[in-house]
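Residue numbers (this note's numbering), protein chains in the order written: chain A, 1 to 296; chain B, 297 to 604. One structure below.
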């Protein structure tokens, strides 16, 4: 048996050579960093010389750190806001796209709505900093037409948080809509046929057939969005400024600031380990919930 | 215009005919109203997406002084391409652009090639160790790169990769997601085809090259385009590993230029037309590619379910 296995392996030597780079890559750039991160969280780093083991001191420091709790609160506020307010827009977009009268119009609308998702947060953030500026930005100029403003979108904490919630919803709406649209196309057409025979209007068909049948997809999308919540980084990093930073900095920007800017690698690693463990726990929960969703 | 009998919903390969002919006569007034509502909603939505970009382009092509004046700019004022010249030459965005092209090209080619190799190995039947390798690869999908940025920084430092473009190329060079997606495509190739080629004496690599690759072009194009876009937009790895501004990629060079907050500083040496020209340069390659990418995007998103 063993000899047989060895012979099979030898005859497929090429196959092992082909997958070797992938295995090596994951070892060096995923599994080893996991170990390294866990180890660093129990160490103190000096600019020169080697790291020193200091037990759980980093974790205690994080626990006592007021800024850490502030960024956790910001993350939950901003991430929670995106989760809640960003839930229905993609569904509405998908339903509207599905009802679009002509194929050309539908394609055009879909292409346009997806567009912002294609670009980086540097582009989107840089653009909106300009558009939202109180000194002549498009948004404030439009608000001035109805005698409102100027609104200081990015220098008032409340407005800045609202902006941090609104922009990702605007940016990613088209992406999530495609997921819903795919699931709408898999609905059995005979359901609509039957509804039509019963005299249901198009709106009734949408509201009473399409929407309820999207529930499993909604569950999956919602669950996966929860996982994204803790990873928010780019949008905050790009759009923050000293005036509102305390109110919109999130866990990951804090990890970057502490680890890379201030070289507190041990402290930053301790936060990373905690976030990673939370994410893995959430992932396990999400797996269970979405599995159950598919069963019923 | 809104003849409901024309309604079709195509997505991927499926085409769903929703309305059969004849129902048009039965279409009531409420249906017509609903249809108008849908059209109005979609038009407002499209304007919300297009107008911001339109404004950016109009400002980019305005003169330096004109771009600073107040008011709604939806058409270039004192038309000028000066902004592009300043951002490209004087602010040296061209160096960053070249770095981005290098990292994007090399990174995407390696990503696609290595993913194809791995996916091919993972569809083999009766290959000793296959299950272990599969679990080893899939488990990495549970670990988002952002969350291990600090240890990744330490690892790159240990390997002496800091301040090199290699650090950027290695970052995200392989992903479990791409391998999984390609594996699904490869699994769609009839296994008997490979079997009979094997009987004819073809090597594993030969079968891979002349059967699997040509038959999975759509899948390969999908991951290549996804990778191309995410490479072009790569940001966190650059601010993690690169200090030396001559190694900056476009996104990071642009970040320094466009995110100087107008709300706080008020005065700036760089006029809006220059900043917006920078943004136009950064999105141009993607806008040009977009029409070709669209069908693969829909395919990729739906196939990969909801994983980004």
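All C-beta atoms, glycine included, are put in the ideal place defined by N, C-alpha and C.
Rounded C-alpha distance that separates residue 126(A) from residue 352(B): 10 Å
Is there at least one Cβ from chain A nearer than 8 Å to residue 327(B)'s Cβ? By this cut-off, residue 327(B) is an interface position.
Where residue 264(A) sits in the DSSP three-state scheme: Here residue 264(A) sits in coil by DSSP.
Measure the beta-carbon distance from residue 231(A) to residue 443(B) and round it to whole angstroms, keeping in mind my assumption that it falls under 8 Å. 7 Å
Taking only beta carbons into account, state which residues of the stretch 385 to 418 of chain B come closer than 7 Å to chain A, listed in chain order. Residues passing the 7 Å Cβ filter: 410, 413, 414, 416, 417.
When you compare only the Cα positions, how much space is there between residue 281(A) and residue 45(A)? 29 Å
Over the uninterrupted alpha helix (DSSP H) stretch that includes residue 241(A), give me the two end residues. In the DSSP annotation of this structure, residue 241(A) is not part of any alpha helix (DSSP H), being labelled neither H nor E.
Which of the three DSSP states, helix, strand or coil, is assigned to residue 371(B)? coil
Among residues of its own chain, excluding the 5 on either side of residue 485(B), which ones have a beta-carbon nearer than 7 Å to its beta-carbon? 507, 508, 511, 512
Starting from residue 381(B) and walking both ways along the alpha helix (DSSP H), at which residues does that stretch end? From DSSP, the alpha helix (DSSP H) with residue 381(B) extends over 378 to 381.
Is there at least one Cβ from chain B nearer than 8 Å to residue 272(A)'s Cβ? yes
If we require 4 or more residues per run, which alpha helix (DSSP H) segments fall completely within the stretch 399 to 425 of chain B? none
Mapping the DSSP letters down to three states, classify residue 43(A) as helix, strand or coil. strand
Note down, one range per segment and in chain order, each alpha helix (DSSP H) of at least 4 residues found wholly within the stretch 449 to 493 of chain B. 461 to 466, 472 to 483
Can you give me the Cβ contacts of residue 590(B) inside the same chain, cut-off strictly under 8 Å, excluding the 5 residues immediately before and after it? none
Proximal residues to residue 360(A) (C-beta, below 7 Å), its chain only, five neighbours per side dropped: The requested residue 360(A) does not occur in the structure, where chain A is confined to residues 1 to 296.
When the Cα atoms are used, what is the spatial distance from residue 363(B) to residue 134(A)? 15 Å
With 8 Å set as the bound, which would you pick, yes or no: does the beta-carbon of residue 483(B) sit closer than that to a beta-carbon of chain A? no
Based on Cα-Cα distance, which residue from 543(B), 415(B), 436(B) lies nearest to residue 390(B)? 543(B)
Could you check the C-alpha separation between residue 53(A) and residue 177(A) for me, to the nearest Å? Their backbone Cα atoms lie some 49 Å apart in a straight line.
Do the CB positions of residue 40(A) and residue 266(A) come within less than 8 Å of each other? yes
Rounded C-alpha distance that separates residue 432(B) from residue 124(A): Here the C-alpha atom of residue 432(B) lies approximately 36 Å from the C-alpha atom of residue 124(A).
Following the continuous alpha helix (DSSP H) through residue 100(A), name the residue where it begins and the one where it ends. Residue 100(A) -> no alpha helix (DSSP H), and no H or E assigned at all.
Looking at chain B, is there any beta carbon in it that lies within less than 8 Å of the beta carbon of residue 162(A)? no
Boundaries (first-last residue) of the alpha helix (DSSP H) holding residue 183(A): 157 to 185
Can you list the residues of chain A that residue 366(B) reaches, using a CB-CB cut of under 8 Å? Result: 135, 136, 141.
Check this for me: beta carbons of residue 578(B) and residue 532(B), under 8 Å apart or not? No, these two residues do not count as a Cβ contact at 8 Å.
Please classify residue 7(A) as buried or exposed, where buried requires at least 16 neighbouring CB atoms within 10 angstroms. exposed
Residue 408(B) to residue 20(A) span [Cα, whole Å]: Approximately 15 Å, taken between the alpha carbons.
Apart from the five residues just before and just after residue 172(A), which ones in its own chain have a Cβ nearer than 6 Å to its Cβ? Excluding positions up to five away in sequence, the list reads 117.
Report the start-end ranges of each alpha helix (DSSP H) in the stretch 71 to 131 of chain A that is 4 residues or longer and not cut off at the edges. 88 to 99, 103 to 114, 121 to 131
Spatial neighbours of residue 596(B) within its chain, please: CB distance less than 8 Å, with the 5 preceding and 5 following residues excluded, ordered by chain position. 477, 518, 519, 521, 522
Write down every uninterrupted run of the beta strand (DSSP E) in the stretch 501 to 576 of chain B whose length is 3 residues or greater and which is fully enclosed by it, in chain order. none
Taking 8 Å as the CB-CB limit, is residue 351(B) close to chain C? Absent from the structure: chain C. Protein chains present are A and B.
Excluding the 5 residues preceding and the 5 following residue 561(B) in the sequence, name in chain order all residues of the same chain whose CB lies nearer than 6 Å to its CB. Interpretation of residue 561(B) is limited by its pLDDT of 47, a score under 50 that renders its predicted location unreliable; the figure taken from the coordinates is listed afterwards. For residue 561(B), where only same-chain residues beyond five positions count, there are no Cβ hits under 6 Å.
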